[in-house]
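**Student:**
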Amino acid sequence: MKALVLLDDDRVPVKAGDTVRFNYGIPPVVVDAKIVQRRGQLIALTPGHDPAECNLCKLRSYVGNWYKQNARNQGQLPRKGTNE
Numbered sequence: 004m005k006a007l008v009l010l011d012d013d014r015v016p017v018k019a020g021d022t023v024r025f026n027y028g029i030p031p032v033v034v035d036a037k038i039v040q041r042r043g044q045l046i047a048l049t050p051g052h053d054p055a056e057c058n059l060c061k062l063r064s065y066v067g068n069w070y071k072q073n074a075r076n077q078g079q080l081p082r083k084g085t086n087e
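If you use our numbering, the sequence shown corresponds to residues 4 to 87, in order.
(1) Excluding the five sequence neighbours on either side, which residues of its own chain have a C-beta within less than 7 Å of the C-beta of K37, listed in chain order?
(2) Bridge partners of R14, per DSSP?
(3) Nearest-angstrom Cα distance between R63 and A6?
(4) Short of 8 Å in beta carbon distance, which residues of its chain neighbour L45, apart from the five on each side in sequence? Order them along the chain.
(5) Judging by CA-CA distance, which residue of Y65, N26, D53 and D35 is the nearest neighbour of N73?
If you want it as structure tokens, here you go:
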């Protein structure tokens with residue numbers, strides 16, 4: 004099966020196994036969603052949110068912008084006393 008690839012809002016390729024970040028609501032709720040491929044579609048897994056998963060190609064119509072996360076702690080300060 005051919006790997007699916009979509010582009011985030013910075014035109015960075017996103018595929019199954021990647022993580023994307025988006026937010027919704029007021030005040031903003033930040034969500035990091037793991038991407039899986041299921042039945043020929045890329046699905047963003049969002050447990051603890053409603054809905055618990057979303058077709059990635061439709062996500063933009065619900066939340067606006069979404070971006071691939073390259074590093075596990077991208078956008079976060081390291082914890083005190085660690086080198087993460």
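Ideal Cβ placement from N, Cα and C applies to all residues, glycine included.
**Tutor:** On the basis of the supplied data:
(1) Taking C-beta separations shorter than 7 Å and ignoring five residues to either side along the sequence, the partners of K37 in its chain run T22 and L48, following chain order.
(2) Beta-bridge partners assigned by DSSP to R14: none are found.
(3) Here the alpha carbon of R63 sits roughly 21 Å from the alpha carbon of A6.
(4) If you ignore the 5 residues before and after L45, its C-beta comes within less than 8 Å of the C-beta of L7, L9, V17, K18, A19, I38, V39, N58, L59 and C60, all in its own chain and listed in chain order.
(5) Residue nearest to N73 within the set Y65, N26, D53 and D35 is D35 (criterion: CA-CA distance).
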